[in-house]
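Chemist:
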Ligand SMILES: [Zn+2]
């Protein structure tokens, strides 16, 4: 009963406005960001590390790998090991995409090429690089992901034909 009332409040205009206002404060932004990282599998290897990582993230002006200046906050990423959950570094979009997560690939037990169970996005991920472009999409179900894989095979074959 208590939960129902809370849910009602949460979904009400007032409740949503309160939440929105909170998540716009510095503290709210921090809590939301760390929560997002946790849901993607980031772990603390010592107490208080989440705070340290967040400060490092917020204050980072350059990519820790290629040292280029971040163009905007969307370009700044927290990178972690997808197998162990340990923090690695704060890097730019390009470095984040280009860095091969070898442990992640070898842990692919789906039995399908280009399909992995993605811890970060919590679902089934299709990923394939073709002609220098990266195609990636995450699905809730394995069937949908497989279906997308076959669609992409057709699409790639069509691109090959039209070359
Ligand atoms: Zn970089």
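Residue numbers (our numbering): 16 to 178. Built from N, CA and C at the ideal position, the CB exists for glycine as well. All values reported here derive from a predicted model rather than from experimental measurement.
Any beta carbon from chain B within less than 7 Å of residue 59's own beta carbon?
Modeler: In the structure shown, chain B cannot be found, because there is only a single protein chain.
Chemist: Would you check if there are 3 or more beta carbon pairs closer than 8 Å linking the region 54 to 63 to the region 24 to 38?
Modeler: Judged by Cβ distances under 8 Å, the region 54 to 63 makes no contact with the region 24 to 38, as fewer than three pairs qualify.
Chemist: Measuring only the C-alpha atoms, how far is residue 108 from residue 90?
Modeler: Residue 108 sits at position 93 when you count from the first residue of the chain shown. Residue 90 sits at position 75 when you count from the first residue of the chain shown. Each residue's alpha carbon lies about 5 Å from the other.
Chemist: May I ask whether a heavy atom of ligand 1 can be found less than 6 Å away from the beta carbon of residue 107?
Modeler: Locating residue 107 in the chain shown gives position 92, counting from the first residue. Yes; taking the cut-off as 6 Å, the Cβ of residue 107 has a heavy atom of ligand 1 nearer than that.
Chemist: Does ligand 1 have even one heavy atom less than 6 Å from the beta-carbon of residue 78?
Modeler: Counting from one through the chain shown, the residue named residue 78 turns up at place 63. Checking the Cβ of residue 78 against ligand 1 gives yes.
Chemist: According to DSSP, what are the bridge partners of residue 145?
Modeler: The count along the chain shown starts at 1 and reaches residue 145 at position 130. 148.
Chemist: With contact counted as at least three CB pairs below 8 Å, one residue from each stretch, are the region 79 to 96 and the region 48 to 60 in contact?
Modeler: Touching, yes.
Chemist: From the DSSP output, in three-state form, read off residue 63 for me.
Modeler: Taking the first residue of the chain shown as position 1, residue 63 is located at position 48. Coil at residue 63, not helix or strand.
Chemist: Residue 164 and residue 112 look like a contact to me (Cβ under 8 Å); what is the Cβ gap, rounded to whole Å?
Modeler: Numbered from 1 along the chain shown, position 149 holds the residue referred to as residue 164. Numbered from 1 along the chain shown, position 97 holds the residue referred to as residue 112. About 20 Å; that fails the 8 Å criterion.
Chemist: Tell me the DSSP bridge mates of residue 176?
Modeler: On the chain shown, residue 176 is found 161 positions in, with the first residue counted as 1. Note: residue 176 sits in no beta bridge, so no partner.
Chemist: Does any heavy atom of ligand 1 sit closer than 6 Å to the C-beta of residue 162?
Modeler: Along the chain shown, read from residue 1 onward, the residue named residue 162 stands at position 147. No, the Cβ of residue 162 stays beyond 6 Å of every heavy atom of ligand 1.
Chemist: What residues in its chain sit with their C-beta under 7 Å from that of residue 49, if we drop five residues either side in the sequence?
Modeler: Start at 1 with the first residue of the chain shown, and residue 49 comes out as number 34. Hits under 7 Å: 65, 69.
Chemist: Give the range of the beta strand (DSSP E) segment to which residue 105 is assigned.
Modeler: Working through the chain shown from its first residue, we reach residue 105 at position 90. Looking at the DSSP string, the run of the beta strand (DSSP E) that includes residue 105 is 102 to 107.
Chemist: Apart from the five residues just before and just after residue 120, which ones in its own chain have a Cβ nearer than 6 Å to its Cβ?
Modeler: Position 105 of the chain shown, counting from 1, holds the residue named residue 120. Residue confidence is low: residue 120 scores 47 on pLDDT, short of 50, so the model does not pin down where it sits. No coordinate-derived value is stated.
Chemist: Return the bridge partner residues of residue 129 from the DSSP annotation.
Modeler: Translated into positions along the chain shown, residue 129 becomes position 114. Residue 129 pairs with nothing; no bridge assigned.
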